[in-house]
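Trainee:
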């Protein structure tokens with residue numbers, strides 16, 4: 029459920045208030061979504077690096093709110109959480125707009141009931157979406173270059189427990205909307221390599237580190253096919269908003285979750301204190 033207050037450039041407004049017209053902003057630059065748990069912003073440094081990279085790619089100056097380690101942005105995020113009385117867990121969307129010669133920012137929050145990354149007991153069912161393929165570009169690894177594809181997949185998904193996998197032009201499996209895909213065979217965790225054009229979630233590096241600490245091999249693949257899914261012992265999705273999500277099925281294939289649960293528990297121990 030969306031929170032009652034949003035923030036625009038440091039000022040609070042109620043959700044239903046009309047705070048600007050279509051002509052007030054030249055265009056939306058990009059948005060970034062992150063998770064707050066208690067007083068922590070998950071993957072904060074990774075998100076700042078992604079925000080900075082997107083300003084560089086768009087050839088836009090970094091706004092003042094992001095200078096000095098983005099201390100002012102963090103302060104405004106904290107103010108918004110307090111204003112909306114979100115002391116446990118929340119989703120935060122930060123949108124950056126071009127306004128005249130300046131960059132404005134809009135902060136919107138939404139309550140998440142779980143204080144931590146919840147384990148999805150019922151599991152996710154996967155399908156492969158074959159009607160479109162994702163082009164490989166310098167923006168492919170970012171939400172900025174992936175969101176339009178994800179909107180199509182979300183619209184095509186039949187149920188909330190079903191996720192569709194996006195492919196590249198070579199029909200290699202890439203990602204589901206907002207999340208990275210991981211396959212487990214024996215002692216090896218495999219995921220699409222960056223050169224495939226896959227979106228790179230901030231959680232991906234955390235999964236790699238957990239694999240190293242728990243004695244699992246981490247492998248980046250130049251190509252993953254539906255046959256690889258059918259041969260996998262376990263499959264999971266990972267992102268910074270929802271954490272680790274166990275995949276229970278792909279077609280007639282059913283998956284275990286022993287190793288996935290170990291990785292999920294480790295992520296909570298590492299990040300949620």
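Residue numbers (this note's numbering): 29 to 301.
Virtual Cβ for every residue (Gly too), placed ideally from N, Cα, C.
Assuming the contact rule is C-beta atoms closer than 8 Å, residue 219 and residue 210 should be a hit. Round their C-beta distance to whole Å, please.
Mentor: Rounded, the Cβ-Cβ distance is 5 Å, consistent with contact.
Trainee: Going by Cα to Cα distance, which pick from 39, 71 and 56 is closest to residue 270?
Mentor: 71
Trainee: Return the Cβ separation of residue 245 and residue 225 in integer angstroms, given the expectation that the two are a contact with Cβ distance under 8 Å.
Mentor: About 24 Å separates the two Cβ atoms, so there is no contact after all.
Trainee: Any chance the segment 97-113 sits against the segment 132-145, with 3 or more Cβ pairs inside 8 Å?
Mentor: yes
Trainee: I need the DSSP call for residue 170, collapsed to helix, strand or coil.
Mentor: coil
Trainee: Which residue marks the beginning of the alpha helix (DSSP H) containing residue 177, and which one marks its end?
Mentor: That run of the alpha helix (DSSP H) goes 175-184.
Trainee: Mind checking residue 160: buried by the 16 CB within 10 Å criterion, or exposed?
Mentor: exposed
Trainee: In terms of residues, what are the limits of the alpha helix (DSSP H) holding residue 100?
Mentor: Taken as a continuous stretch (DSSP letters only), the alpha helix (DSSP H) holding residue 100 covers 95-111.
Trainee: Measure the alpha-carbon distance for residue 300 versus residue 112 and round it to whole angstroms.
Mentor: 21 Å
Trainee: Relative to the C-alpha of residue 184, which residue among 165, 157, 199 and 149 is closest?
Mentor: 157
Trainee: Using the C-alpha atoms, what's the distance from residue 66 back to residue 280?
Mentor: Cα-Cα distance, rounded: 40 Å.
Trainee: For residue 33, which of 120, 202 and 97 has the nearest alpha-carbon?
Mentor: 120
Trainee: Work out the CA separation of residue 179 and residue 150 for me, nearest whole Å.
Mentor: 24 Å
Trainee: Considering only the alpha carbon of each residue, which of 82, 247, 242 and 100 lies closest to residue 167?
Mentor: 82
Trainee: With 16 as the cutoff for other CB atoms within 10 Å, does residue 233 come out buried or exposed?
Mentor: exposed
Trainee: What residue does the alpha helix (DSSP H) around residue 48 start on, and which one ends it?
Mentor: Counting along the chain, residue 48 falls outside any alpha helix (DSSP H), and DSSP gives it neither H nor E.
Trainee: Does the separation of the CB atoms of residue 255 and residue 213 fall below 8 Å?
Mentor: Against a cut-off of 8 Å, the Cβ pair of residue 213 and residue 255 comes out as no contact.
Trainee: I'd like the list of long-range same chain contacts for residue 231, defined as Cβ closer than 6 Å, with 5 residues on each side in sequence excluded.
Mentor: 266, 267 and 268
Trainee: Is it right to say residue 173 is buried, meaning 16 or more other beta carbons lie within 10 angstroms of its own, or is it exposed?
Mentor: With 16 or more Cβ atoms within 10 Å of its Cβ, residue 173 is classed as buried.
Trainee: Is it buried or exposed for residue 258, if we count other Cβ within 10 angstroms and need 16 for buried?
Mentor: exposed
Trainee: So, for residue 295: in the same chain, excluding its five sequence neighbours on each side, which residues have a beta-carbon less than 7 Å away from its beta-carbon?
Mentor: Around residue 295: 145, 234, 238, 271 and 272.
Trainee: Suppose the cutoff is 8 Å on Cβ atoms and the five residues either side in sequence are ignored; what does the same chain contact list for residue 92 look like?
Mentor: 100
Trainee: When burial is assigned at 16 or more other CB atoms within 10 Å of the CB, is residue 143 buried or exposed?
Mentor: exposed
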